[in-house]
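*Asks:*
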Amino acid sequence: MTTPTIEPWVRIFSDPVATGRAAAADIAAELRRVISRQGEARVIFASAPSQAETINALLAEPDIDWSAVTAFHMDEYIGLDADDPAGFGNWLKKALWNRVPLGTAHVLDPTHGADAEARRYADLLAEAPIDIVCLGIGVNGHIAFNDPPVADFDDPHAVKVVELDEICRQQQVDDECFDSFDDVPTRALTLSVPRLLDAARLFCVVSKEGKAEAVRATLLDPLGEHCPSTILRTHPGCTLYLDADAASRLRATLRSTLGA
Numbered sequence: 003m004t005t006p007t008i009e010p011w012v013r014i015f016s017d018p019v020a021t022g023r024a025a026a027a028d029i030a031a032e033l034r035r036v037i038s039r040q041g042e043a044r045v046i047f048a049s050a051p052s053q054a055e056t057i058n059a060l061l062a063e064p065d066i067d068w069s070a071v072t073a074f075h076m077d078e079y080i081g082l083d084a085d086d087p088a089g090f091g092n093w094l095k096k097a098l099w100n101r102v103p104l105g106t107a108h109v110l111d112p113t114h115g116a117d118a119e120a121r122r123y124a125d126l127l128a129e130a131p132i133d134i135v136c137l138g139i140g141v142n143g144h145i146a147f148n149d150p151p152v153a154d155f156d157d158p159h160a161v162k163v164v165e166l167d168e169i170c171r172q173q174q175v176d177d178e179c180f181d182s183f184d185d186v187p188t189r190a191l192t193l194s195v196p197r198l199l200d201a202a203r204l205f206c207v208v209s210k211e212g213k214a215e216a217v218r219a220t221l222l223d224p225l226g227e228h229c230p231s232t233i234l235r236t237h238p239g240c241t242l243y244l245d246a247d248a249a250s251r252l253r254a255t256l257r258s259t260l261g262a
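Residues in the sequence shown are numbered consecutively from 3, following this note's numbering.
The following block contains the structure:
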């Protein structure tokens with residue numbers, strides 16, 4: 003059951019599983035609608051443990067014509083071997099792409115040159131409009147690998163090489179994707195902020211207490227690159243799904259502001 007929210011586009015649930023199920027139901031409904039209307043859907047997926055509940059619930063949704071889906075992912079490390087399980091493309095293949103009969107899955111692969119791969123992937127993205135983005139928010143407020151304060155809301159690039167900040171890299175250790183901080187690559191490819199926001203619908207899922215400050219900033223701080231996820235407030239087709247822990251700082255701030 004949802005609890006009261008401060009914005010009509012924000013939904014709060016009791017735990018990560020309930021949050022993921024609600025998001026998956028909405029994503030599935032949008033997939034069915036888009037495929038019924040135009041015969042195909044182009045979708046960008048986040049690749050992170052925080053999205054596992056949503057992906058598992060999406061796999062259980064009935065009547066999705068996965069053969070009509072063209073899939074992308076939004077970021078990838080530079081410097082990992084092509085078959086490294088920590089690679090986001092490999093994570094997403096195991097979690098979703100290899101479990102449904104996808105029409106097409108486009109994998110970011112910087113192993114043969116990051117700049118060339120950025121151009122190749124940008125061209126693939128530009129072949130037709132993106133219908134859906136399934137994303138999360140990082141501990142530092144990043145979306146994809148657009149870290150503060152260098153995230154650019156007016157970025158002219160669709161896909162680019164970035165340097166990862168220390169908070170972002172530590173998150174990957176805390177999420178048990180790497181054994182140590184030094185194991186986390188320092189560079190990555192990422193879709194830019196404008197490229198993500200160019201999609202028709204955004205479904206953003208955030209859970210656990212470690213993201214609570216980023217959620218508070220997303221909804222209550224001034225719009226700006228200091229917290230890249232604040233830009234989500236400007237997108238008319240974005241829905242934010244939170245579990246109770248991720249929403250905890252938000253509620254505390256509201257109680258203080260309202261004197262409750």
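From the three backbone atoms N, C-alpha and C, an ideal C-beta is built for every residue, glycine too. Computed from a predicted model, the values in this text were never measured in an experiment.
#1: Which term fits residue 55, buried or exposed, when burial requires 16 or more other beta carbons within 10 angstroms of its beta carbon?
#2: Starting from residue 106, trace the beta strand (DSSP E) in both directions and tell me its first and last residue.
#3: If I measure Cβ to Cβ from residue 173 and keep anything under 7 Å in the same chain, skipping five residues before and after, which residues do I get?
#4: My assumption, with CB atoms under 8 Å, is that residue 12 sits in contact with residue 191. Please give the rounded CB distance.
#5: Please list the segments of the beta strand (DSSP E) lying wholly inside the segment 122-168, counting only runs of 3 or more residues, in order along the chain.
#6: Write down every uninterrupted run of the alpha helix (DSSP H) in the segment 76-106 whose length is 4 residues or greater and which is fully enclosed by it, in chain order.
#7: Apply the 10 Å Cβ neighbour rule to residue 232 and answer buried if 16 or more other Cβ atoms are within range, or exposed otherwise.
#8: Does DSSP classify residue 241 as helix, strand or coil?
#9: Do the segment 9-29 and the segment 234-248 touch if we need at least three Cβ pairs shorter than 8 Å?
#10: Note down, one range per segment and in chain order, each alpha helix (DSSP H) of at least 4 residues found wholly within the segment 199-242.
#11: Under a three-way DSSP split, which group does residue 14 fall into?
#12: Roughly how many angstroms lie between the CA atoms of residue 76 and residue 127, to the nearest whole one?
#13: For residue 157 versus residue 196, is the C-beta spacing smaller than 8 Å?
#14: Are the segment 215-223 and the segment 179-189 in contact at 8 Å, needing three or more beta carbon pairs?
#15: For residue 45, which three-state DSSP category applies?
#16: Specify, as a first and last residue, the run of the beta strand (DSSP E) that residue 190 falls within.
*Replies:* Judging by the given coordinates:
#1: buried
#2: 106-108
#3: 140 and 141
#4: Going by Cβ atoms, the distance from residue 12 to residue 191 rounds to 30 Å, so no, they are not a contact pair.
#5: 134-137 and 161-165
#6: 90-97
#7: buried
#8: strand
#9: yes
#10: 214-222
#11: strand
#12: 11 Å
#13: yes
#14: no
#15: strand
#16: 189-193
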